[in-house]
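Asks: Could you have a look at this structure, given as structure tokens, before my questions?
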Amino acid sequence: MPSRPARKPDTAPASAVIGVDSSTQSTKAAVVDTATGRLLAVGRAPHTVTGQGGARESDPEQWWQALCAAVAAALAESGVDPAAVTGIAVAGQQHGLVTLDAEGRPLRPALLWNDTRSAPQAAALTAALGREGWLDRTGSVPVASMTAAKWMWLRENEPATAAATAAVRLPHDFLTERLSGAAVTDPGDASGTLWYDPATQRYDPELLALTGMRADMLSTVAATGATRAGHLTTEAARALGLPAGIPVAAGTGDNMAAAVGLGLGAEGLLDHPVVSLGTSGTVFAATRNRPHSALLAGFAATDGTRLPLGCTLNCTLAVDKVAELFGLDREEAVPGGEAVLLPFLDGERTPDLPAASGLLHGLRHDTTRQQILGAAYEGAVVAVLRALDELPLDAPDAPLRLIGGGARGTMWVETVRRLSGRAVILPDSAELVALGAAALAAGAATGRDPVALATEWGTGEGRELPAVPRDTATWDRVASVLDRAAPALLNGLPPHS
1 MPSRPARKPD
11 TAPASAVIGV
21 DSSTQSTKAA
31 VVDTATGRLL
41 AVGRAPHTVT
51 GQGGARESDP
61 EQWWQALCAA
71 VAAALAESGV
81 DPAAVTGIAV
91 AGQQHGLVTL
101 DAEGRPLRPA
111 LLWNDTRSAP
121 QAAALTAALG
131 REGWLDRTGS
141 VPVASMTAAK
151 WMWLRENEPA
161 TAAATAAVRL
171 PHDFLTERLS
181 GAAVTDPGDA
191 SGTLWYDPAT
201 QRYDPELLAL
211 TGMRADMLST
221 VAATGATRAG
231 HLTTEAARAL
241 GLPAGIPVAA
251 GTGDNMAAAV
261 GLGLGAEGLL
271 DHPVVSLGTS
281 GTVFAATRNR
291 PHSALLAGFA
301 ATDGTRLPLG
311 CTLNCTLAVD
321 KVAELFGLDR
331 EEAVPGGEAV
341 LLPFLDGERT
351 PDLPAASGLL
361 HGLRHDTTRQ
371 QILGAAYEGA
381 VVAVLRALDE
391 LPLDAPDAPL
401 RLIGGGARGT
411 MWVETVRRLS
421 GRAVILPDSA
431 ELVALGAAAL
441 AAGAATGRDP
451 VALATEWGTG
461 EGRELPAVPR
471 DTATWDRVAS
481 VLDRAAPALL
491 NGLPPHS
């Protein structure tokens with residue numbers, strides 16, 4: 001059955017697990033009944049992101065402090081006896097570069113996934129092997145978001161820090177190591193580094209050499225995200241108010257955890273696409289098929305299947321900015337008419353336009369503020385859905401599962417329906433990343449497959465909206481402007497300059 005809103009249970013569960021969602025902006029910790037999947041409580045704590053221009057950084061120590069605060073808040077709200085907690089797992093924002101000294105302390109703030117300063121290094125890596133070479137080796141073409149490109153940026157711009165680095169971690173690895181003392185990651189998050197080959201399921205020695213990275217500086221890759229990385233250390237247990245020695249799962253990236261929460265994987269649904277509308281827009285599906293597209297990241301899923309994913313940097317935050325500029329509520333938008341707005345306010349990842357800015361085209365005397373806001377929605381949705389068309393799926397007409405903050409907005413939902421022409425499922429559960437992490441924790445505690453557990457819990461179930469006729473006129477208009485503008489945007493120049 002679907003997860004219901006968090007509340008104190010009428011009777012205390014015999015066993016509970018904790019799933020942690022450590023995202024760009026905050027940490028959420030979910031206390032979940034292991035037997036039923038009921039969401040008992042969610043604790044929250046914010047993060048601070050700093051940086052101007054293309055820079056986006058956060059202090060990894062703040063992530064740990066936020067995790068401790070979120071877990072404490074969740075336990076207090078749930079009323080669950082800490083002694084009933086039998087496992088914990090972390091799902092974290094992908095790609096971030098955490099550099100540690102020999103004592104395991106961060107040498108500098110982490111470079112986040114949406115830090116675009118490493119775009120030149122990504123381009124140089126692409127040139128070194130060619131797009132086809134990278135697609136063959138990793139399933140992904142280098143972009144600024146990926147960890148190896150950030151490592152190259154650090155080596156070139158802060159060589160002393162790079163030389164002092166004893167270990168490199170992803171955000172979720174860093175937290176898992178704080179919990180368990182073990183440097184462990186999973187196939188899903190490892191596949192976003194450009195160092196890991198999902199086909200061979202190991203780090204690629206030639207790619208490590210190309211970027212000046214050593215395998216012994218990286219986390220060991222566990223078989224799955226539900227594999228036990230270790231057990232909660234005495235120090236971590238004291239900080240969290242939990243029993244020492246409970247299993248700590250290897251954990252995974254946030255997108256991979258959302259897939260688990262939706263019941264996507266070998267023991268659940270394959271080839272069913274998901275569109276996530278958050279600060280970034282993502283589209284992904286669990287599949288056995290190998291992707292081969294420069295518009296996709298060829299990620300592994302955390303259970304050993306594949307999770308090809310397209311990601312746009314500009315989604316709900318960009319649309320909210322347009323609404324703010326025009327003094328409108330986001331739901332006051334109407335279809336854009338002749339106006340086209342490409343909302344690339346932070347550069348872009350898919351398509352790969354790291355120097356891009358927003359572009360407004362097709363204004364007329366009768367164009368309204370509401371239409372311009374609607375055009376921002378359309379531009380963001382077309383960018384995401386173009387990546388959807390690249391997914392190598394055996395069920396091309398399967399309904400879209402729509403998740404993220406945007407999935408709770410009427411205009412977002414209706415724009416996706418109109419531009420996709422597909423049925424849309426709106427899952428009842430709002431905390432799918434944390435619930436997916438909880439399923440990984442339960443898997444580590446019980447030995448069961450986490451996707452099968454999430455399917456039993458029903459965390460991916462929800463309301464289905466029927467398909468509506470596809471608005472091909474709007475699609476063609478937005479796609480035409482995007483295709484014609486892209487060469488200029490690649491250079492950060494205005495069109496026709």
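So the sequence shown is numbered by the numbering used here: it starts at 1 and just counts up by one. Beta carbons: idealized from backbone N, C-alpha and C, even for Gly.
(1) Hey, could you find the ends of the alpha helix (DSSP H) S510 is sitting in?
(2) From the DSSP secondary-structure annotation, give me the bridge partner or partners of C311.
(3) Of all Cβ atoms in chain B, is any one closer than 7 angstroms to the Cβ of H365?
(4) When DSSP labels each residue in this structure, what does V468 get in the three-state scheme?
(5) Out of curiosity, what's the CA-to-CA distance linking Q62 and V98?
(6) With 16 as the cutoff for other CB atoms within 10 Å, does T165 come out buried or exposed?
(7) For V481, does the three-state DSSP call read helix, strand or coil?
(8) Going by beta carbon distance, what residues of the same chain come within less than 6 angstroms of M1, once the five residues before and after it are set aside?
(9) Pick helix, strand or coil for D173, following the three-state DSSP scheme.
(10) On a CA-only basis, which of G436, L465, L353, A380 is nearest R422? Give me that one, please.
(11) Which whole-angstrom value is the C-beta distance of R228 and P243, which I expect to be below 8 angstroms?
(12) Secondary structure at I246, three-state DSSP: helix, strand or coil?
(13) Let me know if H365 comes out buried or exposed under the rule of 16 or more other beta-carbons within 10 Å of its beta-carbon.
(14) If we ignore side chains and look at the alpha-carbon of each, how far apart do W475 and T279 end up?
(15) Is it true that the stretch 254-268 meets the stretch 372-379, where meeting means three or more beta-carbon pairs spaced less than 8 angstroms apart?
(16) I need the straight-line Cα distance from R470 to E414, nearest angstrom please.
(17) In angstroms, rounded to a whole number, what distance separates the CA positions of E461 and L179?
(18) In chain order, what are the residue ranges of uninterrupted beta strand (DSSP E) at least 3 long that sit wholly in the stretch 341-376?
(19) Of the choices L194, Q201, N114, whose alpha-carbon is the least far from that of G212?
(20) Can you tell me whether DSSP reads T503 as helix, strand or coil?
(21) Expressed to the nearest angstrom, what Euclidean distance is found between the alpha-carbon atoms of R238 and G245?
(22) Could you tell me the alpha carbon to alpha carbon distance between D136 and H292, rounded to whole angstroms?
(23) Along the beta strand (DSSP E) that carries A30, what are the first and last residues, could you check?
(24) Report the rounded CA-to-CA distance for A45 versus D352, giving the unit in angstroms.
(25) Using the C-alpha atoms, what's the distance from Q93 back to Q25?
Replies: So, from the listed chains and residues:
(1) Outside the shown range of the chain, which is 1 to 497, sits residue 510, and nothing can be said about it.
(2) Working through the sequence shown from its first residue, we reach residue 311 at position 311. In DSSP, C311 forms a bridge with T282.
(3) Included in the structure is just one protein chain, with no chain B present.
(4) Start at 1 with the first residue of the sequence shown, and residue 468 comes out as number 468. Correct three-state label for V468: coil.
(5) To locate residue 62, count along the sequence shown from 1; it is residue 62. To locate residue 98, count along the sequence shown from 1; it is residue 98. Looking at the two C-alpha atoms, the distance is approximately 13 angstroms.
(6) Here residue 165 refers to the residue found at position 165 when the sequence shown is read from its first residue. T165 is buried by the Cβ-count criterion.
(7) Numbered from its first residue, the sequence shown carries residue 481 at position 481. Helix.
(8) The residue you call residue 1 lines up with position 1 of the sequence shown. Because the pLDDT at M1 is just 36, under 50, the model does not fix this residue reliably, and the value given afterwards should be weighed accordingly. The answer, listed in chain order, is G458.
(9) On the sequence shown, residue 173 is found 173 positions in, with the first residue counted as 1. In this structure, D173 counts as helix in the three-state DSSP scheme.
(10) Your numbering for residue 422 matches position 422 in the sequence shown. Per the Cα distances, L465.
(11) Locating residue 228 in the sequence shown gives position 228, counting from the first residue. Locating residue 243 in the sequence shown gives position 243, counting from the first residue. No, R228 and P243 are not in contact; Cβ-Cβ is about 15 angstroms, not under 8 angstroms.
(12) The residue you call residue 246 lines up with position 246 of the sequence shown. The answer is coil: DSSP assigns I246 none of H, G, I, E or B.
(13) Taking the first residue of the sequence shown as 1, we reach residue 365 at position 365. Exposed, because fewer than 16 other Cβ atoms sit within 10 Å of the Cβ of H365.
(14) Locating residue 475 in the sequence shown gives position 475, counting from the first residue. Locating residue 279 in the sequence shown gives position 279, counting from the first residue. Each residue's alpha carbon lies about 22 angstroms from the other.
(15) no
(16) Numbered from 1 along the sequence shown, position 470 holds the residue referred to as residue 470. Numbered from 1 along the sequence shown, position 414 holds the residue referred to as residue 414. Each residue's Cα considered, the two are about 11 angstroms apart.
(17) The residue labelled residue 461 in the question sits at position 461 within the sequence shown. The residue labelled residue 179 in the question sits at position 179 within the sequence shown. The alpha-carbon atoms of E461 and L179 are separated by roughly 31 angstroms.
(18) 359-361
(19) The residue labelled residue 212 in the question sits at position 212 within the sequence shown. The shortest Cα separation from G212 among L194, Q201, N114 belongs to L194.
(20) Only positions 1 to 497 of the chain appear in this structure, which leaves residue 503 out of reach.
(21) Here residue 238 refers to the residue found at position 238 when the sequence shown is read from its first residue. Here residue 245 refers to the residue found at position 245 when the sequence shown is read from its first residue. Between R238 and G245, the C-alpha separation is close to 11 angstroms.
(22) Taking the sequence shown and counting its residues from 1, the one referred to as residue 136 is at position 136. Taking the sequence shown and counting its residues from 1, the one referred to as residue 292 is at position 292. Each residue's alpha carbon lies about 8 angstroms from the other.
(23) As a first step, residue 30 is located in the sequence shown; it is residue number 30 there, counting from the start. Its beta strand (DSSP E) spans residues 26-33.
(24) In the sequence shown, the residue the question calls residue 45 occupies position 45. In the sequence shown, the residue the question calls residue 352 occupies position 352. Roughly 32 angstroms between the two C-alpha positions.
(25) Your numbering for residue 25 matches position 25 in the sequence shown. Your numbering for residue 93 matches position 93 in the sequence shown. If I take the Cα positions, the gap works out to 10 angstroms.
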